[in-house]
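Undergrad:
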Amino acid sequence: MDNDKLRDEVISQIRACLISTKGARDLRQIKSDYSMLMGCEIPYQKLGYKTLELFIRSIPTLRITQQNGQLLVDAVVTQQSAHIAKFVEKQKTKKRTTSRPPPRYQPRQNPRRQAVPPRWRPRTVSTNWQRSYESPRPPATYAHTQVVSSPNPPAKKPSVWERLGNRDGPEVNRSNYAEPGRPSAYSEPSCSYNAPEPRRPSTYSEPNRLPEPTRSSTQPEPKPSVRNRLGPREANTEPSYSFNLIRHALHDLDGNSEKEVTLSRQAKLRLSQKDITEEKVPENPSPLLTPSFSPEFLQWPAAEVPQVASEMNSTPRRTPLDADSSKKNDVITKIPRTGDYWEDLNSFVTMKNLGKITCKVITKQLHRHRLDFFCTITINNDPKKSYRSYPADCLDEKTAKQEASKKALDELEKSCKTEHYGLLLSDIMDVLTRVPAMVKEHPCGVWNTLIQENYIARYNEQLPLNWIEILSSQPNIAMQQIADKYVLNYCEPSQKTNFSGRQAQNVTVLPNTVSFNEDGFLVAEITCVNSAAEIWFSQRETAESDRFASMSLEMEAHYSKLGKYEIAETIQMGGHYVAFSETWWCRVRVFEVNGDDIHCFCIDFGDEWVIKKDALYILKQEFAEVQAQAFVGRLAGLEELYEVSKSSEHLQTLLSRTVQVQQDSNSDDSEADPSDPTLSVVLYDIDTGKPINEEIITYIGIEVATPALIVNAPTDVYVTHALNDGTVYIQSRSVGYEQLMSLIEKAGQNIVDKKTAVTPVKVSKSNGDDLYFIRSKADDLWYRVKIIDWAPGGKHVQVLHVDDGRATVVEVNDTDFYVLRDISDVISKFPLQGLRVRLQLSSVPVNFVDRVRDLMPPNEAVIVKLIKVDTDYVHVVEFFKRSKTDNVLFSINLSLVPENGFRNAAGDGNNNAKSNKLRRLISLNQFDDANQRLPSAGCLTPPEIPEIGQFFDVRVCYTVHPHSFFVQPYNDVQKLNALMVEMQEAFKNVRTSTLQIGDILPGKVYASMYTDGKWYRTSVIKVIHPSSISVFYSDFGYYGNIILTQLHPLEEKFLKLPYQAIKAKLDVQPKNAKWCHDDCDYFKNLIDQKSFVSILRSVEKDILCPGDIVLTLKLIDTSSQNVDVYIDEVIIKEGKAIDNC
2 MDNDKLRDEV ISQIRACLIS TKGARDLRQI KSDYSMLMGC EIPYQKLGYK
52 TLELFIRSIP TLRITQQNGQ LLVDAVVTQQ SAHIAKFVEK QKTKKRTTSR
102 PPPRYQPRQN PRRQAVPPRW RPRTVSTNWQ RSYESPRPPA TYAHTQVVSS
152 PNPPAKKPSV WERLGNRDGP EVNRSNYAEP GRPSAYSEPS CSYNAPEPRR
202 PSTYSEPNRL PEPTRSSTQP EPKPSVRNRL GPREANTEPS YSFNLIRHAL
252 HDLDGNSEKE VTLSRQAKLR LSQKDITEEK VPENPSPLLT PSFSPEFLQW
302 PAAEVPQVAS EMNSTPRRTP LDADSSKKND VITKIPRTGD YWEDLNSFVT
352 MKNLGKITCK VITKQLHRHR LDFFCTITIN NDPKKSYRSY PADCLDEKTA
402 KQEASKKALD ELEKSCKTEH YGLLLSDIMD VLTRVPAMVK EHPCGVWNTL
452 IQENYIARYN EQLPLNWIEI LSSQPNIAMQ QIADKYVLNY CEPSQKTNFS
502 GRQAQNVTVL PNTVSFNEDG FLVAEITCVN SAAEIWFSQR ETAESDRFAS
552 MSLEMEAHYS KLGKYEIAET IQMGGHYVAF SETWWCRVRV FEVNGDDIHC
602 FCIDFGDEWV IKKDALYILK QEFAEVQAQA FVGRLAGLEE LYEVSKSSEH
652 LQTLLSRTVQ VQQDSNSDDS EADPSDPTLS VVLYDIDTGK PINEEIITYI
702 GIEVATPALI VNAPTDVYVT HALNDGTVYI QSRSVGYEQL MSLIEKAGQN
752 IVDKKTAVTP VKVSKSNGDD LYFIRSKADD LWYRVKIIDW APGGKHVQVL
802 HVDDGRATVV EVNDTDFYVL RDISDVISKF PLQGLRVRLQ LSSVPVNFVD
852 RVRDLMPPNE AVIVKLIKVD TDYVHVVEFF KRSKTDNVLF SINLSLVPEN
902 GFRNAAGDGN NNAKSNKLRR LISLNQFDDA NQRLPSAGCL TPPEIPEIGQ
952 FFDVRVCYTV HPHSFFVQPY NDVQKLNALM VEMQEAFKNV RTSTLQIGDI
1002 LPGKVYASMY TDGKWYRTSV IKVIHPSSIS VFYSDFGYYG NIILTQLHPL
1052 EEKFLKLPYQ AIKAKLDVQP KNAKWCHDDC DYFKNLIDQK SFVSILRSVE
1102 KDILCPGDIV LTLKLIDTSS QNVDVYIDEV IIKEGKAIDN C
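Here you go:
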């Protein structure tokens, strides 16, 4: 197990200990709780921490406080959906990006599709989903820009929940949604899902992004965003596009259109989307922003540089600019701070005449015991001048107001500070010294305009007008001209020519423009699904999509024929290329280079690829003219399910589906994360007009409602019913469970109010297999039930409440039975919520049911840990809870049957001595039966065993016959060798033993010398007398009988490595009644002291040694390069065994 996975599991287990407690715990208590729950110590040293405190402090989801000099730790309460997400991700494989052939697009057949009436609206939810402590919600972070265009953005309307007066419920009630004017035919999607292929994690190092170039000072005032603009766009106005900073000159959109650049705001190649702005480039830009020389200066011969520099040095040092070439200096000074940021802000805004200040304070319950306050300050109702106290947690309104005011004041002072045109000019030597260092701070290059701005702020001097001409002579500064501006790159002198030639990064694809029609809709195909918070679309039925379809065919034909001549030799992060994967070509953008592995983003589909360097090709200009097709959205109304949707199988069925997309007009972006690029959208079926968001809410709820346990993963559950055979029923009460209970309550109320036409059915043995819906006369609540038995006369039936495990007897004629699928097809598809488990007990006490009710009431959550899945597919578990008196975690299993605790009688793993009474009794074999349940390896920890069906590399260390041989984990062979070397060195001078017969305890581990003269770790199985002690050599699988003087105490450091010898067998049977001598010899010669790849088939108890396990393995000899040899097939072919059919 790698350290990252181990760390995640340990953190989850520590949180399980803390969440179940009342109040904070100190480190000693955490160690004790963890040891009780997991049966081992916290492996903080294995994770690279010297102390437990350092490890605890490194966990962001734990709250640490200091009280009376003592460190107290508490778990940060996260959203319920985040907890469910971790639960689901452990039981389902992670998805990887789907590799699929490119869609063959057809020209538009119906370019003017009638829009679906926007009847569905998600309920209003808070933005707390953006504050996930467990895993911050990152929509895909790619260098890709998308622009939103909407001729008539709809005004924001109250949500359905607000109009109905219900602000709480996430319940889905189909009757609340009026059907759009579409054909009524609609079939519920099937609840049977095919698991997708595992998805590669989308983690990478984000490269820096080029800063945004500075505009000239004559920019028009910013216009409101598309979402807030109610009027139609002006005639003859083309939508603006965002150009990448690394590439070519600005294009005129048409003869009368105006040039503009809308660049990404993000600092780390984040995907961003911006509303369209309409800005005019001034006809006569400032001379400070436009070089006053010809580009030919960039090609000076190197020999002429000294002379030019000499001529420039003759200029007087730091000469002020002439009055003709500069504006009058308008210095804006900071106002004196008084300490009251709110008052200072008001004074500043009044002095600068910036407009009206709007202050909004809200409260949220983010922590268990307190309210947090968040303040948003907006200047002159301009969303670009909105400042928030977030992410600071403020405990009162005044603090939040001050925090937001301070941020607003700091930003406004920066933005209102004008340039100092009357400053002195820097001389040439200063330019050559300072500017290259500034360029080097930007690995991906920087605009010349930004260097000018930063130079003034940093040095309080002005660059000379010909400073670019000066820098062009520098060997480590490369320049690329883009329209009337320059991109400066710091490089090695030998690489400077790479920037002047024809490079792939000089070609960039136009960003995507998301164009909604007059009705606020667009038609799109879903091209990539990562979660409900990140779905990628490609627009369809537009002229641009038709151009892309034609371009795709031409691009495929071109690169299939000539691609081998256009492989990209120099690859730059952020550059656009063409990539080939499996059978198709795609335009991509690179955001990480790891040797020959290139991590890139498919700009037309939203997928992520990791390809080899030789599969990346130069993007030709003719294939870059069509804009990028992929844009990203999140499903409105599913905010609380964003985390769990990452593992949703139903969500993957949306892939390649064509839908109608509507931007959610009810989304409140005032508190949204400004770095979140996704559009909040509602999807509609293109044929029926049904809201797809509503359907997904239901089916994701069904998926997360599936109760499941993971081996050794503590989970919070509720015990609902107990049976006398030692089994109980538990519920996980997830988000899906709560949704199911809400749906059941509504369905029952509809029956009572006679709002449904469904009538009861007469049950009989012929239709008794159905799932029914009945109302209990005991509590007047509705339940899902299944008939499990009939009375002899047929008047009474016994029904099982499938969601809690209770069985009751009802009278047939006195109970209304409704077929559940007739009541609600959705409710009938929810998985059964009652999960039957068996407690791990040596025997079931007589008063088991009463004791379970006392220790685990139905309304109290307890912790359950899955030990194994038994042969009858029942989960074997151990329960834990905290005592009400001293808040100590204890095992309920041990409380029910105290003798279960004898499993620790042989020691705690550190060879701690027991009382004299116990030692005497054990040495006299008083506990022979108990000793038989001890593992042969004694107190040593067991090695890590893979899951059933997984590969397990092993080395066979001792062989008897196919049903009895011992293997060692191959991955631990080096550790075992190191331990053996260290033991030989430690015991090389030992001659006599100091142990007495009373010191020898079964289960303890000692050192003993074998007949080969080497020392081995030896566990005691049974003490007969000083001259006869049964032992097991824990690392090599030998059993033996030795005398007392051969045993020596073993230091604790030699007990850390788990025992290495594991008993195993093949899944075959002897051809005769038992294994003969020849069979054993043949099998030993075949496998003994050899290494194999194996597949774990099963794990079971050893009949001869109940404390041991036996692995059923399929051994595979892979030593031959041409063929794999299966050992079981070899011995069957040789007539030594038969298949175990």
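According to this note's numbering, the sequence shown holds residues 2 to 1142 in order. Heads up, the beta-carbon is just placed ideally off N, CA and C, and yes, glycines get one too. Predicted model, so just to flag it, every value in this text is computed and none were measured.
Output the distance between the C-alpha atoms of ARG8 and ILE378, rounded to the nearest integer angstrom.
TA: Rounded to the nearest angstrom, the two C-alpha atoms are 41 Å apart.
Undergrad: Leaving out five residues on either side along the sequence, give the residues of the same chain with a beta carbon under 7 Å from the beta carbon of VAL1.
TA: Examination of residue 1 is not possible in this model, given that the chain is present from 2 through 1142 alone.
Undergrad: Assuming PRO476 and PRO494 form a contact by the criterion Cβ under 8 Å, report the distance between their Cβ atoms to the nearest whole angstrom.
TA: Going by Cβ atoms, the distance from PRO476 to PRO494 rounds to 4 Å, so yes, they are a contact pair.
Undergrad: Would you say the stretch 1069-1077 touches the stretch 1133-1140, given that touching needs at least three Cβ pairs under 8 Å?
TA: Output reads yes: the stretch 1133-1140 touches the stretch 1069-1077.
Undergrad: Nearest CA to the CA of SER994: which residue from MET1010, MET984 and GLU983?
TA: It is MET1010 whose Cα lies nearest to the Cα of SER994.
Undergrad: Along the beta strand (DSSP E) that carries LYS486, what are the first and last residues, could you check?
TA: Counting along the chain, the beta strand (DSSP E) containing LYS486 begins and ends at 486-491.
Undergrad: With burial defined as no fewer than 16 other Cβ atoms inside 10 Å of the residue's Cβ, what is the status of LEU1087: buried or exposed?
TA: Buried, because 16 or more other Cβ atoms sit within 10 Å of the Cβ of LEU1087.
Undergrad: By Cβ distance, which residues of its chain are closer than 7 Å to GLU398, with the 5 residues on each side in sequence left out?
TA: If we look at GLU398 and ignore the five residues flanking it on each side, its Cβ neighbours are VAL362 and PHE374.
Undergrad: For VAL889, count neighbouring Cβ atoms within 10 angstroms of its own Cβ and tell me buried if that reaches 16, exposed if not.
TA: Burial call: exposed.
Undergrad: Counting only runs of 3+ residues fully inside the stretch 1016-1104, write out the beta strand (DSSP E) ranges in chain order.
TA: Fully enclosed beta strand (DSSP E) runs of 3 or longer: 1016-1026, 1029-1034, 1039-1043, 1063-1067, 1069-1071 and 1092-1102.
Undergrad: Could you give the distance in angstroms between the alpha-carbon of ASP1080 and the alpha-carbon of ASP1129?
TA: Near 13 Å, if we compare the C-alpha coordinates of ASP1129 and ASP1080.
Undergrad: For a test of the three-state rule: what should DSSP assign to MET39, helix, strand or coil?
TA: Correct three-state label for MET39: helix.
Undergrad: Less than 8 Å between C-beta atoms, sequence neighbours within five positions excluded: which residues of the same chain meet that for TYR487?
TA: So the list reads PRO292, TRP448, ASN449, ILE469, MET480 and GLN481, once near-sequence residues are dropped.
Undergrad: In whole angstroms, what separates the C-alpha of LEU935 from that of LEU636?
TA: Spanning the two alpha carbons is a distance of roughly 55 Å.
Undergrad: Would you mind working out which of GLU54, ASN4 and LEU63 sits nearest LEU19, comparing C-alpha positions?
TA: Taking only the C-alpha atoms, the option nearest LEU19 is LEU63.
Undergrad: Let me make sure I understand the geometry here. Which of LEU977, ILE452 and ILE60 has the alpha-carbon closest to that of MET439?
TA: If we check each option's Cα against that of MET439, ILE452 comes out closest.
Undergrad: Pick out the complete beta strand (DSSP E) segments inside the stretch 333-383, 3 residues or longer, and give them in chain order.
TA: Whole beta strand (DSSP E) segments, 3+ residues: 358-368 and 371-380.
Undergrad: Helix, strand or coil: which one does DSSP assign to GLN969?
TA: Correct three-state label for GLN969: strand.
Undergrad: Decide yes or no for the touch test of the stretch 695-715 against the stretch 735-751: beta carbon pairs closer than 8 Å, at least 3 of them.
TA: Because the criterion of three Cβ pairs below 8 Å is met, the stretch 695-715 and the stretch 735-751 touch.
Undergrad: At what residue ranges does the stretch 531-563 contain a whole run of the alpha helix (DSSP H), taking only runs of 4 or more?
TA: DSSP runs (the alpha helix (DSSP H)) wholly in the stretch 531-563: 544-563.
Undergrad: Answer yes or no: do SER390 and ALA401 have a C-beta to C-beta separation smaller than 8 Å?
TA: Taking 8 Å as the Cβ cut-off, SER390 and ALA401 qualify as a contacting pair.
Undergrad: Determine contact between the stretch 1086-1102 and the stretch 1012-1021, defined as no fewer than three beta-carbon pairs at a distance below 8 Å.
TA: The stretch 1086-1102 vs the stretch 1012-1021: no contact.
Undergrad: Compute the distance between the beta-carbons of LEU1112 and VAL1100, then report whether it is under 8 Å.
TA: A contact, by the Cβ cut-off of 8 Å.
Undergrad: Determine the burial state of ALA405: buried for a count of at least 16 other Cβ atoms within 10 Å of its Cβ, exposed for fewer.
TA: Burial call: buried.
Undergrad: Which value, in whole angstroms, describes the spacing of the CA atoms of ASP383 and LYS357?
TA: The alpha-carbon atoms of ASP383 and LYS357 are separated by roughly 10 Å.
Undergrad: Taking the alpha carbon of ILE864 as the point to measure from, which residue in ASP717, GLU746, VAL811 and GLU640 has its own alpha carbon closest?
TA: Nearest of ASP717, GLU746, VAL811 and GLU640 to ILE864, Cα basis: ASP717.
Undergrad: Could you check what DSSP says for ALA405 in three-state terms: helix, strand or coil?
TA: Here ALA405 sits in helix by DSSP.
Undergrad: Please determine if the stretch 625-633 and the stretch 537-547 are in contact, where contact requires at least 3 C-beta pairs separated by less than 8 Å.
TA: Taking 8 Å as the limit for Cβ pairs, the verdict is that the stretch 537-547 does touch the stretch 625-633.
Undergrad: Could you pull the DSSP bridge partners for TRP791 from this structure?
TA: Partner(s): VAL798.
Undergrad: Is it right to say CYS603 is buried, meaning 16 or more other beta carbons lie within 10 angstroms of its own, or is it exposed?
TA: Buried: at least 16 other Cβ atoms inside 10 Å.
Undergrad: Would you kindly report the start and end of the unbroken alpha helix (DSSP H) that includes TYR456?
TA: Per DSSP, TYR456 belongs to the alpha helix (DSSP H) from 449-460.
Undergrad: DSSP state of CYS18, grouped into three classes?
TA: CYS18 falls in the helix class under three-state DSSP.
Undergrad: Taking the runs of the beta strand (DSSP E) that are 3 residues or longer, which of them lie wholly in the stretch 833-897?
TA: 836-840, 862-870, 876-883 and 890-892, all fully within the stretch 833-897.
Undergrad: Can you give the beta carbon distance from ALA748 to ILE824, rounded, assuming they're within the 8 Å contact cut?
TA: With a Cβ gap of about 5 Å, ALA748 and ILE824 count as contacting.
Undergrad: Hey, quick one: how far does the beta strand (DSSP E) through ILE599 stretch, first residue to last?
TA: 598-603 is the span of the beta strand (DSSP E), which, as asked, contains ILE599.
Undergrad: On the criterion of 16 or more Cβ atoms from any shown chain inside 10 Å, does SER1120 qualify as buried, or is it exposed?
TA: It is exposed - the Cβ of SER1120 has fewer than 16 other Cβ atoms within 10 Å.
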